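Down below is the structure, laid out as structure tokens.
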Amino acid sequence: MTASSNTNPQTPTASRRDVLRRGATVTAATAAAMAAHPMVHGNAASQDPNRKIKIGIVGAGGRGTGAVNDSFTINENIELVTVADLDQGNAERLRTGMQRRHGDKINIADDRIHVGLDAYKKVLEDPEVELVFLTTSPGFRPAHIAEAVAAGKHVFAEKPTCVDPAGYRVCVEAHKQAEKNGTAIVTGTQYRRQTNYVEAIKRIHDGEIGDVIGMTSRYCSNGIWYKNRGEGVSDTQYQLNNWMHFIWLSGDQIAEQAVHNIDLMNWVMQGPPVKAYGSGGRFTRPDDSEMWDSMSIDYLYSDERPVSFMCRQIPGTKAENGSTVRGTKGFAIIGAGSSGSRFLDRDGNETLKLEGSIADAYRQEHKDLIDSIRAGEPIVELIETANSSLTAVMGRLAAYTGKEVTWDFVTKESQLDLFPKDLQWDGSRPEPSFAIPGKTKLI
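Under our numbering, think of the first position of the sequence shown as 22, with each following residue one higher.
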């Protein structure tokens, strides 16, 4: 594959409005279902701490299976009743595997397994489903969230919640609508519920290291999966199966994977950055992958506070994942996974060590979600994750184009919309290409 400035992953070949328009029929169908079952949606369904909550899932791959396992491990009196996926085998494997682990909490009849690009609508139209897990590849997330909210469902949405500014705007409106509905949206940003993260950020905001003056964050790993193309497979099928390598589906590593660290950056800085400037490139990706394999972004936050961010996926390189917050009185080192947090004074002496389990955090986000639904106080946290997802996109745009990119531009001016206008299962897709700074346009 050759790089091209005419066919590159920045080209705005889609309208998110088209996606929502095609799915608009679900709203009418679900409105009728809500009228027939008024006690299973929104605040009206609350006030009983023990009532059963029935769940549907859209996206039965690894992350979807993990979300089901986490939720059903920590929560009682919940039931998975329907699943949608592009692949029948994925859906059946999720059902079989989770039945082994969670027994009668998994109650999916054969006719409640739905397959195909529009299969998610069947889950949203199901009148018994009160909560839906949205765990497909990220390019679908904004439309799925918006339609789930329109259908009156509570939502668990995996990160990132958008891969372009058009999707971000859909998420902003969905957040507002969920607040009006009284329906929950919890997202897969588990660090916000990991004890050492929560305590570290509280102490930082309380001034333990003085005024925050800057930060360094890295998400550097050794590689990522890639799936070869099979015989007789359409362009669409291949890209959906190999979704990490296509920007309209994944948003590149900075959005799909490293958004966890970027979310921490925004959490520490108490809001998104003002602007971004960056670089990077690709050295080891397969020929038809649109991804870069390294990016270095300088973000500037309010009060001229710089954050240096790096992500990389190159085999044979040193892996490093974590963040260091610099203050006028000391430092906070916040490690990824379960590596904990440490506080140091200006001389480098350790003053505090905090432990936390990422496995517990994965489960806690699901407990908080279910508890908030039952209490009638639904958590709606989409905007925070949307901001972090767009911060990742902002850095990607800066690196891809070689331009300085501002928050005002990505939120108010950018027309970039990567989702295909007419996505067909057996359809063709443009020849894959990758961004070249100086040639790729800032849209």
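Heads up, the beta-carbon is just placed ideally off N, CA and C, and yes, glycines get one too.
Since we're looking at a predicted model, the values are computed, not measured.
In the DSSP assignment, find the beta strand (DSSP E) that holds residue i and state where it starts and stops.
i, result
"arginine 326", "326–334"
"leucine 145", "Here leucine 145 belongs to no beta strand (DSSP E); instead the alpha helix (DSSP H) covers 140–146."
"tyrosine 240", "233–242"
"asparagine 6", "Nothing can be reported for residue 6: it is not among the residues displayed for the chain, which extend from 22 to 464."
"histidine 175", "175–178"
"threonine 208", "206–208"
"glutamate 277", "That residue, glutamate 277, is in no beta strand (DSSP E); its alpha helix (DSSP H) goes 274–277."
"leucine 152", "152–155"
Tell me which residue opens and which closes the alpha helix (DSSP H) that residue i is part of.
i, result
"glutamate 405", "403–422"
"isoleucine 354", "Looking at the DSSP string, isoleucine 354 is not in any alpha helix (DSSP H); the run it does join, the beta strand (DSSP E), is 351–356."
"threonine 86", "83–95"
"aspartate 389", "379–396"
"asparagine 282", "280–290"
"valine 219", "216–226"
Count the other CB atoms, across all protein chains shown, that sit within 10 Å of the CB of residue i; report buried if there are 16 or more and exposed otherwise.
i, result
"glycine 358", "exposed"
"glutamine 445", "exposed"
"histidine 226", "exposed"
"alanine 456", "buried"
"alanine 53", "Here alanine 53 scores only 42 on pLDDT, less than 50, and its place in the model should not be relied on; the value that follows carries that caveat. Alanine 53 is exposed by the Cβ-count criterion."
"asparagine 27", "Note that asparagine 27 has pLDDT 32, beneath the 50 cutoff, so the model's placement of it is unreliable and no number is given."
"arginine 190", "buried"
"tryptophan 246", "exposed"
"asparagine 64", "Here asparagine 64 scores only 43 on pLDDT, less than 50, and its place in the model is too uncertain to base an answer on."
Considering only the beta carbon of each residue, do residue i and residue j sit closer than 9 angstroms?
i, j, result
"alanine 195", "valine 414", "no"
"serine 271", "proline 159", "yes"
"aspartate 185", "serine 409", "no"
"glycine 369", "threonine 305", "no"
"glycine 348", "aspartate 232", "yes"
"glycine 377", "isoleucine 283", "no"
"tyrosine 218", "serine 362", "yes"
"isoleucine 134", "valine 104", "yes"
"valine 401", "alanine 205", "yes"
"glycine 235", "leucine 155", "no"
"valine 207", "valine 176", "yes"
"leucine 152", "isoleucine 76", "yes"
"threonine 412", "lysine 180", "no"
From this set, the options, which residue's C-alpha is nearest residue i's C-alpha?
i, options, result
"serine 323", "Asn287, Phe352, Ile230", "Asn287"
"alanine 88", "Asn243, Val233, Thr204, Glu386", "Glu386"
"aspartate 108", "Gly137, Ile127, Lys174, Ile230", "Gly137"
"glycine 459", "Arg250, Gln198, Ser378, Gly301", "Gly301"
"glycine 469", "Val346, Gly356, Asp314", "The chain is shown from 22 up to 464; residue 469 falls before or after that span and cannot be answered."
"glutamate 425", "Tyr320, His281, Ser238, Cys192", "Tyr320"
"aspartate 69", "Ile404, Phe430, Gly299, Gly397", "Gly397"
"histidine 9", "Asp147, Pro327, Val328, Ile95", "Past the boundaries of the shown model lies residue 9; the chain is included only from 22 to 464, so the question cannot be answered."
Using DSSP's beta-bridge definition, name the partner residues of residue i.
i, result
"isoleucine 127", "Leu101"
"valine 469", "Absent from the model: residue 469. The displayed extent of the chain is 22 to 464, so no value can be given."
"glutamate 452", "According to DSSP, which records beta bridges pairwise, glutamate 452 is partnered with nothing at all."
"phenylalanine 364", "Ala353, Leu373"
Measuring only from the beta carbon, is residue i closer than 8 angstroms to any heavy atom that is part of the ligand HEM?
i, result
"glutamate 405", "Only the bare structure without any ligand can be found here, which leaves the ligand HEM out of the picture."
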